[in-house]
Amino acid sequence: MIKTLFLLSWLVLHPVHVTVTSIEYIPELKAYKVFLKMYHDDFLLDLEKNNMDSLINIYSKNGTLHNAIVSKYLDRNLLLFEDQYKLKREVDDVMITDGEIVVNLKYKSEKKPGSLTVRNLIMTGLYSDQANMMIVKVNTIEEGIRLTPEKTEQTFIIN
């Protein structure tokens, strides 16, 4: 009984290091719509670890998580490439709810790609057990992947 209680309390207290991302290509928009969810406190720790003090200072002064702060963070940490060309990104909105940051993004696509590469470095330098769970849906491809500090990118061949 004591072992069971110890195990349950450890599981409750042990933090989960995970982000959730979905990427879906919308042909009418010629863009990838991206939804990202991550823990707020982990985000702040990762900003600090990556020497992004200027962003932390802006955030600390006004207490508002502006799209520009998240955008600069994602410049380094969530990249999409079509046929090895980096796609440009727009942050549609950022919300903080229940200790989580929810971000909606759009990556513009100007041509019909042969491949899509997703690179997710979110918190991979912060936690050795970080899991960046992703669902990618492009044309007939719909695949769930798990990116980690050891495996930070995945390439999909698009039909």
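First residue of the sequence shown: 6, per my numbering; consecutive thereafter.
All C-beta atoms, glycine included, are put in the ideal place defined by N, C-alpha and C.
Under the three-pair Cβ rule at 8 Å, the segment 29-47 counts as touching the segment 103-110.
The segment 22-29 makes contact with the segment 129-138: 3 or more CB pairs, one atom from each, lie closer than 8 Å. For Leu-34, no alpha helix (DSSP H) run applies, since DSSP gives it neither H nor E.
A straight line joining the alpha-carbon of Glu-147 with that of Met-139 spans about 10 Å. According to DSSP, residue pairing for Arg-94 in a beta bridge involves Tyr-112. DSSP lists Glu-105 as the bridge partner or partners of Thr-102.
At least 8 Å separates the beta-carbon of Val-96 from that of Val-123. Only exposed fits Asn-144, as fewer than 16 other CB atoms lie within 10 angstroms of its CB. For Phe-86, the closest of Glu-115, Thr-102, Asp-103, Lys-77 by C-alpha to C-alpha distance is Glu-115. Per the coordinates, the alpha-carbon of Leu-83 lies some 16 Å from the alpha-carbon of Ala-36. Closest in alpha carbon position to Lys-77, among Asn-125, Gly-104, Leu-52, is Leu-52. In this structure Asp-47 does not touch Met-100 by the C-beta definition: roughly 16 Å separates them, more than the 8 Å allowed. Taking a C-beta distance under 8 Å as the contact criterion, Lys-142 and Glu-33 do not qualify as a contact pair.
At least 8 Å separates the beta-carbon of Leu-92 from that of Asn-125. Distance check between Pro-118 and each of Gly-130, Asp-88, Leu-49, Arg-94 places Asp-88 closest, using alpha-carbon atoms only. Membership of Glu-53 in the alpha helix (DSSP H) is indicated by the continuous run 45-54.
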